[in-house]
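Notes follow the structure.
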Amino acid sequence: MLAACAAPTTDVNMQFAAKSDAAQYRRVAVLPFDGDGGLEATRDFESMLASVQYEGKPYFKVVDSTTLQNVLNQQSLRQSALSSQPNAAKVGKLLGVDALYSGTALVMPTALSYSTESRVVCPDKKGGKCHDIKVPCTTRSVGFKLVPRLVEVSRGQVVYSEAKVGSASSYWCADSGAEISEQILLRDAVNDAFGQVREDVAPYEKAISVRYKTDDAAVNPASRDTFKGALEFAKAGRFDRACTIWSQLAPANPASLSVAYDLAVCEEVNGRLANALARYQQIDQRLTKPDDDVNASLARVTNALAQRSALKADAGKGSQRKPANPVSVQ
Numbered sequence: 001m002l003a004a005c006a007a008p009t010t011d012v013n014m015q016f017a018a019k020s021d022a023a024q025y026r027r028v029a030v031l032p033f034d035g036d037g038g039l040e041a042t043r044d045f046e047s048m049l050a051s052v053q054y055e056g057k058p059y060f061k062v063v064d065s066t067t068l069q070n071v072l073n074q075q076s077l078r079q080s081a082l083s084s085q086p087n088a089a090k091v092g093k094l095l096g097v098d099a100l101y102s103g104t105a106l107v108m109p110t111a112l113s114y115s116t117e118s119r120v121v122c123p124d125k126k127g128g129k130c131h132d133i134k135v136p137c138t139t140r141s142v143g144f145k146l147v148p149r150l151v152e153v154s155r156g157q158v159v160y161s162e163a164k165v166g167s168a169s170s171y172w173c174a175d176s177g178a179e180i181s182e183q184i185l186l187r188d189a190v191n192d193a194f195g196q197v198r199e200d201v202a203p204y205e206k207a208i209s210v211r212y213k214t215d216d217a218a219v220n221p222a223s224r225d226t227f228k229g230a231l232e233f234a235k236a237g238r239f240d241r242a243c244t245i246w247s248q249l250a251p252a253n254p255a256s257l258s259v260a261y262d263l264a265v266c267e268e269v270n271g272r273l274a275n276a277l278a279r280y281q282q283i284d285q286r287l288t289k290p291d292d293d294v295n296a297s298l299a300r301v302t303n304a305l306a307q308r309s310a311l312k313a314d315a316g317k318g319s320q321r322k323p324a325n326p327v328s329v330q
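For what it's worth, the numbering used here labels the leading residue of the sequence shown as 1, then goes sequentially.
Structure, rendered in structure tokens:
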């Protein structure tokens, strides 16, 4: 029989609602960021918002930088004047947006630290004694600080501002490891900081590891080879085939927790969360003692359904905001 301790998994993309109310402001513009990393951060921030998708459509309506500059020119305002919240709110109303992003982006000083590692060196000649040597090693650390700020246009008030610090490092020794350039590390640190902000201000996805069961103890002997084949399809990422097989096995194997549980996983993998939760609950009612996989699945799918509801609520609040009447810009 298959070992019950084997616990293969599959990744399921789960949608999460933004961690702040910033996601409710869906018509936005991005003002220039301050700081030595401001120029690139402004472009990256605008691109990040424009790339967010929800139900196959752009989540944000982002005013492009050309339109923003045209409004500034019409109002005879310099970009530096937008650091004033009243000025920013005025421009936001002219653009017809709900809120304006601005902020600061700082490249933090690179830090180098030094250490040593021990190596054992043995001479080639016979009878020679081995001895220890010290090899110099280096750690290079790079940081990037991103402090976005979101101003609600209608009230001229800051509704979101968080400091996020991204970091990246490399470690190498004189005889091993590879030195990673400062430029590559900085890009990684920037991505780290933006990833943190992304989860704050917009809906996002994460791959969640979901276990499926392989124990065939309660599977009808005549069905075990077929059950094993379904597991092979699942391990290969072919849940379309695995789920079909498990569904075919279910009528002849009503006592098998594995078959019932794996069918619930199929519902979850295919995004039918309400069906998945119902199946997990039915399995839970059959148990005479707690099952770790079932407990984890109940919690995971309940949370996924809550996140889905929160996403719809955020999207609904954003769509209900009445846009200001924008000026016509040439």
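Every residue gets a Cβ at the ideal spot worked out from N, C-alpha and C, and that includes glycine. The structure displayed is predicted, hence computed values, not measured ones.
Start and end residues, alpha helix (DSSP H) containing residue i
i: residue 225; result: 224-235
i: residue 272; result: That residue, residue 272, is in no alpha helix (DSSP H); it is neither H nor E in DSSP.
i: residue 139; result: Per DSSP, residue 139 belongs to no alpha helix (DSSP H); it is in the beta strand (DSSP E), 131-152.
i: residue 51; result: 38-51
i: residue 69; result: 65-74
Where the beta strand (DSSP E) through residue i begins and ends
i: residue 261; result: Unbroken run through residue 261 is the alpha helix (DSSP H), 257-269; no beta strand (DSSP E).
i: residue 13; result: 9-16
i: residue 24; result: Per DSSP, residue 24 belongs to no beta strand (DSSP E) and is neither H nor E.
i: residue 158; result: 157-161
Supposed close pair residue i, residue j - CB separation, criterion 8 Å
i: residue 146; j: residue 41; result: 6 Å
i: residue 100; j: residue 28; result: 7 Å
i: residue 165; j: residue 20; result: The Cβ separation is near 17 Å, so there is no contact.
i: residue 26; j: residue 61; result: 6 Å
i: residue 35; j: residue 104; result: 5 Å
i: residue 14; j: residue 315; result: Contact doesn't hold; Cβ gap of about 17 Å is too wide.
i: residue 253; j: residue 223; result: 6 Å
i: residue 167; j: residue 192; result: 6 Å
i: residue 97; j: residue 52; result: Wrong, their Cβ atoms sit about 16 Å apart, outside the cutoff.
i: residue 48; j: residue 198; result: 6 Å
Buried or exposed (CB count within 10 angstroms, at least 16 for buried), residue i
i: residue 295; result: exposed
i: residue 102; result: buried
i: residue 16; result: buried
i: residue 214; result: buried
i: residue 24; result: buried
i: residue 160; result: buried
i: residue 301; result: buried
i: residue 127; result: exposed
i: residue 8; result: exposed
i: residue 225; result: exposed
i: residue 6; result: Reliability fails at residue 6, whose pLDDT of 48 lies under 50, so the model's placement of it is uncertain and no value is given.
i: residue 179; result: exposed
i: residue 30; result: buried
i: residue 190; result: buried
i: residue 92; result: buried
i: residue 258; result: buried
i: residue 44; result: buried
i: residue 290; result: exposed
i: residue 311; result: buried
Per-residue DSSP class, three states only, for residue i
i: residue 297; result: helix
i: residue 251; result: helix
i: residue 329; result: Model confidence at residue 329 stands at a pLDDT of 34, short of 50, so the residue's coordinates are unreliable; what they give is reported in the following sentence. Correct three-state label for residue 329: coil.
i: residue 58; result: strand
i: residue 206; result: strand
i: residue 199; result: helix
i: residue 213; result: coil
i: residue 219; result: coil
i: residue 316; result: helix
i: residue 34; result: strand
i: residue 103; result: strand
i: residue 86; result: helix
i: residue 164; result: strand
i: residue 288; result: coil
i: residue 181; result: coil
i: residue 119; result: strand
i: residue 111; result: strand
Near the ligand ADP: residue i beta-carbon under 6 Å from a heavy atom
i: residue 258; result: By its list of ligands, the structure shown contains no ligand whatsoever, and the ligand ADP lies outside what it can speak to.
Within-7 Å CB hit, residue i to chain C
i: residue 25; result: In the displayed structure, chain C is absent; only one protein chain is listed.
Mind the definition here: the stretch 206-219 touches the stretch 260-269 only if three or more C-beta pairs lie below 8 Å; say whether that holds. yes
Stretch-stretch touch, CB-based, cutoff 8 Å, three pairs: the stretch 131-146 with the stretch 168-185: yes
Do the stretch 169-178 and the stretch 124-139 make contact, defined as three or more Cβ pairs closer than 8 Å? yes
Within the chosen definition, does the stretch 124-133 reach the stretch 106-115 through at least 3 CB pairs nearer than 8 Å? no
For the structure I just gave you, are there three or more beta carbon pairs, one from the stretch 215-227 and one from the stretch 62-70, closer than 8 Å? no
Three or more C-beta pairs closer than 8 Å, one from the stretch 281-298 and one from the stretch 229-249: is that the case here? no
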